[in-house]
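In this note's numbering, the protein residues as written are 321 to 476. Cβ atoms here follow ideal geometry from the backbone N, Cα and C, with glycine treated the same way.
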Ligand SMILES: CC(C)(COP(=O)(O)OP(=O)(O)OC[C@H]1O[C@@H](n2cnc3c(N)ncnc32)[C@H](O)[C@@H]1OP(=O)(O)O)[C@@H](O)C(=O)NCCC(=O)NCCS
């Protein structure tokens, strides 16, 4: 049974190791800073209680809007529904706390993530040409995607 919970300081090494597998990955210091971010939310997913973390999601809320910054699943466990489960959990929490809209940015070349976000109700709002310049992951446009929660919606 999948277990989703908040991450803390003790989880940072494993969270950073998973994140390091993503294009344009955030480093451990950036992930640690998330724990102190006002309005920040950080979730990790495990296969079962006390088993190693397999994926992470983080973002922040400002008033009635949210933004997702990072969503990364360990390469060995991709395409098993973990990102969907993590995102559904995060979106349900956001809707439950009165958030109206959730935004994110994704590399135009990241068709896996774009398909995932579309599946969960995100729509493309625009594009920032050449937004990503990370030399390791290559230059790419950012696609801006948003999901608006229906009034009273509690889950994605
Ligand atoms: C993108 C990512 C988070 C998806 O995680 P995942 O756990 O493998 O995704 P899921 O198994 O929940 O897949 C859900 C849906 O996403 C889409 N999807 C996921 N991986 C895909 C792939 N490799 N190719 C095409 N579609 C894909 C599919 O629509 C899939 O539904 P389906 O399996 O019913 O077809 C994962 O590949 C990853 O960590 N990538 C590196 C980091 C990254 O790019 N994060 C997003 C940054 S915005």
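Taking the Cβ atom as the reference point for each residue, do residue 388 and residue 375 lie within a distance shorter than 8 angstroms? Position 68 of the chain shown holds residue 388. Position 55 of the chain shown holds residue 375. No. Outside cutoff.
Quiz item: On the three-state DSSP scale, how would you describe residue 445?
Solution: Walking along the chain shown from the start, residue 445 turns up at place 125. In this structure, residue 445 counts as strand in the three-state DSSP scheme.
Can you give me the Cβ contacts of residue 343 inside the same chain, cut-off strictly under 6 angstroms, excluding the 5 residues immediately before and after it? Counting from one through the chain shown, the residue named residue 343 turns up at place 23. 457.
Query - residue 333, enclosing alpha helix (DSSP H) - first and last residue - result: As a working note, residue 333 is residue 13 in the chain shown. Unbroken alpha helix (DSSP H) run through residue 333: 332-339.
Review point. Residue 456 lies in the beta strand (DSSP E); which residues open and close that run?
Key: Taking the chain shown and counting its residues from 1, the one referred to as residue 456 is at position 136. Run containing residue 456: none; DSSP gives neither H nor E here.
Query - CA-to-CA distance, residue 462 to residue 411, given in whole angstroms - result: Here residue 411 refers to the residue found at position 91 of the chain shown. Here residue 462 refers to the residue found at position 142 of the chain shown. Approximately 21 angstroms, taken between the alpha carbons.
Notebook entry, point to check: Is the closest heavy atom of ligand 1 to the C-beta of residue 404 under 7 angstroms?
Noted result: Looking up residue 404 in the chain shown gives position 84. Yes, the beta carbon of residue 404 sits closer than 7 angstroms to at least one heavy atom of ligand 1.
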